[in-house]
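In the numbering used here, the protein residues as written are 1 to 403.
For every residue, glycine included, the Cβ atom is placed at its ideal position computed from N, Cα and C.
Note that the structure is predicted; figures quoted are calculated from it, not measured.
Heads up: the structure comes next, in structure tokens.
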Ligand SMILES: Nc1nc2c(ncn2[C@@H]2O[C@H](COP(=O)(O)OP(=O)(O)OP(=O)(O)O)[C@@H](O)[C@H]2O)c(=O)[nH]1
Ligand SMILES: [Mg+2]
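What follows is the structure, encoded as structure tokens:
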């Protein structure tokens, strides 16, 4: 899975990206700074099973700090957009093309309302951030509609004359956007206007379809950025009121980036998502740095955290519904074949079965799947058994694989 940072130009997407991944990304003084996408690795926190089992783990694909596993996840930061991007304004469809592969979105907005529709600075509060959310939805819908319409005659002909499956035809058209058959079926079932044959769909019906597909195929969280500016607070309440089915996470990408860089330099101790940090080398800080850290300290006290870590976790856990599982080869010692204790944590979609996990580890394990063992209880589990968060699983397969 990969989450995409999306939104109007110059609202802090690259700042958020850098803060979450510590990967370099150009942060702009002017709109349209990002052109080519930045890809990087962030982490989400999972309560490790090591404490519960009373064992010392030896993580391989993740890091364990005081009983918290930091599990890697991918982020992509793309070009920003302005209204009418789908018609080619600004960088046009570039941001959308680069986001096609994303499974979920973190929409960054300037919650303080000090960036106008074209990404230029304006008086705090002069731009309504609710409009940023609305226009992004609109741009994505119009862009997808354009893609669908390109082949509409072919789809209609396939359904009416060749008696082909409409879901398959729609799916084929939207496959490049990571839209699946499941997404399409769920929209067609839940929107009553789409109950008629596709050749009867009006333009408004097509829009309803595309809107629905966007919501299910690109679940989103809103990172309401710039909470360090006073005009943000009131807007956050309004955003929550208006967009009830989308998590709105107050955040300050700039504060998180400053904390992470100070931590990297050894000036403070801080873990992403924490409510506080500790100054280590107070004497090495200049007055400006001291003042900056004081302001960030006040911000953390007020908001609980900078919101960056929370937003990444919200898109992966709440929206994409990924669950962590711990695969092992020895269900008594909780080790892999090299004797490494609890080496890996995998994030898998909710509902993944024991056999699905086997396939995720290696095709051979999946093909030769016999049964699995819940290492916590010692119980045997069958191929269709859906896994639960933090399950520790041994796969028994006729075909071995030494990873
Ligand atoms: N006050 C404040 N400013 C921020 C915050 N995050 C980012 N900024 C500022 O917003 C401006 C734009 O930041 P970028 O990260 O380049 O924004 P972007 O959305 O990637 O912009 P484009 O790539 O040009 O579309 C810069 O001046 C940042 O310093 C924040 O949390 N608070
Ligand atoms: Mg950028």
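**Request:** Check whether the Cβ atoms of residue 38 and residue 25 sit closer than 8 Å, and answer yes or no.
**Result:** yes
**Message:** Let me check understanding here. Comparing Cα to Cα, which of 316, 325, 266 lies closest to residue 361?
**Reply:** 325
**Prompt:** Between residue 218 and the rest of its own chain, which residues show a CB-CB distance below 7 Å, the 5 nearest in sequence each way excluded?
**Reply:** 102, 104, 105
**Request:** Please find out if some non-hydrogen atom of ligand 1 comes closer than 7 Å to the beta-carbon of residue 225.
**Result:** yes
**Prompt:** If you run the structure through DSSP and keep just helix, strand and coil, what is residue 202?
**Reply:** coil
**Request:** Take every Cβ of the stretch 39-47, pair it with every Cβ of the stretch 14-30, and state whether three or more of those distances are shorter than 8 Å.
**Result:** yes
**Prompt:** Would you say residue 232 and residue 108 are within 8 Å of each other, going by their C-beta atoms?
**Reply:** no
**Asked** What number of angstroms, rounded off, separates the C-alpha of residue 322 from the C-alpha of residue 71?
**Response** 12 Å
**Message:** On the CB-based measure, 16 or more other CB atoms within 10 Å of its CB, does residue 35 come out buried or exposed?
**Reply:** exposed
**Prompt:** So residue 61 is in the alpha helix (DSSP H); what residue range does that whole segment cover?
**Reply:** First-last for residue 61: undefined, no H or E at that position.
**Where the alpha helix (DSSP H) containing residue 238 begins and where it ends** = 232-242
**Item:** Which of helix, strand or coil DSSP assigns to residue 312
**Value:** helix
**Asked** Cβ of residue 27 within 7 Å of any heavy atom in ligand 1?
**Response** yes
**Asked** Which class does residue 415 belong to by DSSP, given the choice of helix, strand or coil?
**Response** Given that the chain is displayed from residue 1 to residue 403, the structure contains no residue 415 and the question cannot be resolved.
**Message:** Is residue 34 close to ligand 2? I mean its beta-carbon at under 7 Å from any heavy atom of the ligand.
**Reply:** yes
**Item:** Per-residue DSSP class, three states only, for residue 252
**Value:** coil
**Request:** Check whether the Cβ of residue 378 sits closer than 7 Å to any heavy atom of ligand 2, and report yes or no.
**Result:** no
**Asked** What span of residues does the beta strand (DSSP E) with residue 173 cover, start to end?
**Response** Per DSSP, residue 173 belongs to no beta strand (DSSP E); it is in the alpha helix (DSSP H), 166-174.
**Asked** Can the beta-carbon of residue 335 be found less than 8 Å from the beta-carbon of residue 345?
**Response** no
**Request:** For residue 146, verify whether its CB is less than 7 Å away from any heavy atom of ligand 2.
**Result:** no
**DSSP state of residue 30 mapped onto helix, strand, coil** = coil
**Request:** Grab me the residues of residue 48's own chain with a C-beta within less than 6 Å of its C-beta, minus the 5 sequence neighbours each way, in chain order.
**Result:** 64, 67, 69
**Asked** At what residues does the alpha helix (DSSP H) containing residue 18 begin and finish?
**Response** 13-21
**Request:** Could you tell me if residue 203 is buried or exposed, where buried requires 16 or more neighbouring beta carbons within 10 angstroms of its beta carbon?
**Result:** exposed
**Prompt:** Excluding the five sequence neighbours on either side, which residues of its own chain have a C-beta within less than 6 Å of the C-beta of residue 177, listed in chain order?
**Reply:** 100
**Request:** Could you spell out the range, first to last residue, of the beta strand (DSSP E) harbouring residue 47?
**Result:** 38-47
**Request:** Could you pull out every residue in the same chain whose Cβ sits closer than 8 Å to the Cβ of residue 267, ignoring the five residues on either side in sequence?
**Result:** 279, 280, 281, 284, 285, 289
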